[in-house]
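K.L.:
Below is the structure I would like to discuss, written out as structure tokens.
In this note's numbering, the protein residues as written are 546 to 863.
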């Protein structure tokens with residue numbers, strides 16, 4: 546495993562981070578048992594993953610807590626999140642939700658607590674009304690660092706983060722980034738690197754990379770909308786060159802490696818409910834960068850796109 550500083554937090558994190566939500570929720574979406582899901586976490590940690598991200602909304606905090614009890618607490622960097630309704634939630638609600646999260650996790654403190662899926666319209670309320678309560682919890686030692694996550698599908702232009710990265714008190718951000726959604730290269734990463742804000746990358750691999758039929762439909766729609774030239778469909782799979790030319794072992798392998806080696810990327814989040822996939826995902830994240838000509842081709846082909854591949858978890862497949 547490779548490790549690096551998470552911005553200026555003082556935390557040292559694995560470049561591969563286990564995301565406990567998304568399409569899999571550690572296997573819960575396909576009916577995995579509690580213990581099976583705990584095993585997924587433990588496999589990741591035993592491979593060297595020390596960054597684990599969960600959330601109240603995911604329903605996996607208890608699983609993360611159960612897995613964490615098998616290890617020295619100082620070995621792990623645990624992140625959780627909660628959703629707040631702008632105008633309805635108060636500072637007292639922040640305290641209640643953090644303490645409830647700690648109880649579910651079975652921990653005295655969490656390394657990072659994020660405001661979850663904050664959109665542009667609710668950002669000021671989170672910053673001015675809710676964040677002071679989180680800072681008080683930080684003073685009490687219940688939260689070590691303060692974070693904020695975007696809602697990619699509802700804010701594809703990243704308007705909220707474009708403001709937040711210039712302001713206190715955010716030490717860590719979670720953002721959507723992939724080879725089909727490259728906007729942060731220009732508007733987010735230059736600022737986070739300059740200001741020492743830690744970055745956690747989500748939506749790195751979604752259905753557009755793992756589902757051939759879905760990918761075909763998305764590209765057809767992009768061509769129909771005039772966002773891509775029709776010639777991109779002439780050679781079959783528009784992303785097939787990543788594998789055919791030997792750049793990567795698979796399209797998902799390429800997607801992980803593209804994000805991992807982007808300047809400004811700290812942690813690449815992956816999620817799965819399949820034990821075998823844990824090792825495969827970690828291996829991809831640890832592989833060398835894609836060849837420079839391939840990266841340049843990806844930038845040329847898709848760098849202008851906004852919000853592609855930001856699909857929310859769909860229904861469970863039989």
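All residues carry an ideal CB built from backbone N, CA and C; glycine is no exception.
Predicted model only: the values in this text are computed from it and were never measured.
From which residue to which residue does the alpha helix (DSSP H) around residue 753 run?
P.N.:
Where residue 753 is concerned, the enclosing alpha helix (DSSP H) stretches over 752–755.
K.L.:
Quick one: what's got a C-beta closer than 6 Å to residue 743's C-beta in the same chain, skipping five residues either side?
P.N.:
Within the same chain, residue 743 has close Cβ partners 551, 552, 554, 717 and 811.
K.L.:
How many whole angstroms separate the CB atoms of residue 639 and residue 678, which I take to be in contact at a CB cut-off of 8 Å?
P.N.:
Confirmed, Cβ separation roughly 4 Å.
K.L.:
So the candidates are 670, 704, 662 and 656; which of them puts its Cα closest to the Cα of residue 686?
P.N.:
Looking at the Cα atoms, 656 is the closest of the given residues.
K.L.:
Residue 557 bridges to which residues according to DSSP?
P.N.:
DSSP lists 550 as partners of residue 557.
K.L.:
So who's on the other strand from residue 812, going by DSSP bridges?
P.N.:
Answer by DSSP bridge pairing, in chain order: 745.
K.L.:
For residue 652, which of helix, strand or coil comes out of DSSP?
P.N.:
If DSSP states are grouped into helix, strand and coil, residue 652 belongs with coil.
K.L.:
Between the alpha carbons of residue 847 and residue 617, how many angstroms are there, rounded?
P.N.:
Residue 847 and residue 617: Cα-Cα distance of roughly 43 Å.
K.L.:
Determine the DSSP secondary structure at residue 860, reduced to helix, strand or coil.
P.N.:
Reliability of the predicted coordinates at residue 860 is poor, the pLDDT of 44 falling under 50, and the value obtained from them is presented with this limitation in mind. In this structure, residue 860 counts as coil in the three-state DSSP scheme.
K.L.:
Between the alpha carbons of residue 635 and residue 681, how many angstroms are there, rounded?
P.N.:
One C-alpha to the other measures close to 14 Å.
K.L.:
Are residue 779 and residue 788 close, meaning C-beta to C-beta below 8 Å?
P.N.:
Not a contact, by the Cβ cut-off of 8 Å.
K.L.:
Between which residues of its own chain and residue 862 is the CB-CB distance below 7 Å, once the five residues before and five after are set aside?
P.N.:
Its pLDDT being 38, under 50, residue 862 is placed unreliably in this model, and the value from its coordinates should be taken loosely. Nothing listed; no residue qualifies.
K.L.:
Contact between the region 562–575 and the region 600–619 is defined here as three or more beta-carbon pairs at a separation below 8 Å; is this criterion met?
P.N.:
Yes: at least three Cβ pairs fall under 8 Å.
K.L.:
Does residue 549 have its Cβ less than 8 Å from a Cβ in chain B?
P.N.:
Absent here is chain B; the protein component of the structure consists of one chain.
K.L.:
Just mark residue 821 as buried or exposed, buried being the case when its beta carbon has 16 or more other beta carbons within 10 Å.
P.N.:
So residue 821 ends up on the exposed side.
K.L.:
Return the chain-ordered list of same chain residues with a C-beta closer than 6 Å to the C-beta of residue 660, the five sequence neighbours on each side being excluded.
P.N.:
Excluding residues within five positions, the ones whose Cβ falls inside 6 Å are 671 and 693.
K.L.:
Shortest alpha-carbon distance to residue 809 belongs to which of 736, 662 and 562?
P.N.:
Among 736, 662 and 562, the Cα nearest to that of residue 809 belongs to 736.
K.L.:
Between 575, 791 and 598, which has its C-alpha nearest residue 586's C-alpha?
P.N.:
Minimum Cα distance to residue 586 is reached at 598.
K.L.:
Measuring straight from C-alpha to C-alpha, what distance separates residue 645 and residue 589?
P.N.:
Straight-line Cα distance between these residues: approximately 25 Å.
K.L.:
Excluding the 5 residues preceding and the 5 following residue 563 in the sequence, name in chain order all residues of the same chain whose CB lies nearer than 6 Å to its CB.
P.N.:
Once the five neighbours on either side are set aside, the close Cβ partners of residue 563 are 589, 594 and 597.
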